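Take a look at the structure set out below.
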């Protein structure tokens, strides 16, 4: 099994959800900026040497829809020959993307992967388009759908 190494890590600053510093910046542009920045910070790594891109994103709709990983890669001028996939495992989406990329490297199916994630809450709120099946309420806690809801429910239960 191949050894996996994380070479670099960066992130965008955080801003307020509504009316914050990124209110006029689309999610694809935030992601493309990170992709370009990682490549610029590591000159021995060229975009053409990437075997794949894994990008976590929960709300894959509106500007974050239709494979935001691929759209951001194209905006970042990463060659069309480099594939990209968007991964959804709710609050663990970017971690799942990292695990998927690591697994590809460990098994020898890839040597270099670019990994990240995006969630632009100001443009695509977590509740956008959510319509849980009514039958789930019989055996699943109301807050079990998302970490944010879980945190709110725990806060109410424990008086904080």
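In our numbering, the protein residues as written are 295 to 454.
We put the CB at the ideal spot given by N, CA and C, even for glycine.
As the structure is a computational prediction, the values presented were derived from the model and not from experiment.
(message) Along the chain, where does the beta strand (DSSP E) containing residue 315 start, and where does it finish?
(response) Unbroken run through residue 315: none, as it is neither H nor E.
(message) Which of the three DSSP states is assigned to residue 370 in this structure?
(response) Coil at residue 370, not helix or strand.
(request) May I have the straight-line CA-CA distance separating residue 377 from residue 425, to the nearest angstrom? (result) Straight-line Cα distance between these residues: approximately 31 angstroms.
(request) Use the C-beta contact count for residue 371: other C-beta atoms within 10 angstroms, 16 or more gives buried, fewer gives exposed. (result) Residue 371 sits exposed, since fewer than 16 C-beta atoms from the chains shown fall within 10 Å of its C-beta.
(message) I need the DSSP call for residue 429, collapsed to helix, strand or coil.
(response) In the three-state scheme derived from DSSP, where H, G and I count as helix and E and B as strand, residue 429 is classed as helix.
(request) Measure the CB-CB distance between residue 332 and residue 414 and report whether it falls below 9 angstroms. (result) Going by C-beta atoms, residue 332 is not nearer than 9 angstroms to residue 414.
(request) Go through its chain and collect everything with a Cβ distance to residue 384's Cβ below 6 angstroms, but skip five positions before and after it. (result) Once the five neighbours on either side are set aside, the close Cβ partners of residue 384 are 352.
(message) Taking the alpha carbon of residue 356 as the reference point, which residue from 369, 400, 328 and 321 has its own alpha carbon closest?
(response) Selected option, being the one with the closest Cα: 321.
(request) Give every residue of the same chain whose Cβ lies closer than 7 angstroms to the Cβ of residue 386, excluding the five residues on either side of it in the sequence, and list them in chain order. (result) Nothing meets the Cβ criterion.
(message) Using CA atoms only, rank isn't needed, just tell me which of 319, 295 and 389 is closest to residue 411.
(response) Among 319, 295 and 389, the Cα nearest to that of residue 411 is on 389.
(message) Just to confirm before moving on: does the CB-CB distance between residue 380 and residue 396 stay below 9 angstroms?
(response) Residue 380 is not a Cβ neighbour of residue 396, given a cutoff of 9 angstroms.
(message) From the DSSP secondary-structure annotation, give me the bridge partner or partners of residue 408.
(response) The partner list for residue 408 (beta bridge, DSSP) reads 347.
(message) Just to confirm before moving on: does the CB-CB distance between residue 328 and residue 306 stay below 9 angstroms?
(response) Taking 9 angstroms as the Cβ cut-off, residue 328 and residue 306 qualify as a contacting pair.
(request) Given a cut-off of 9 angstroms, decide if residue 354 and residue 417 are closer than it, judged by their beta-carbon atoms. (result) Note that the C-beta distance between residue 417 and residue 354 is not below 9 angstroms.
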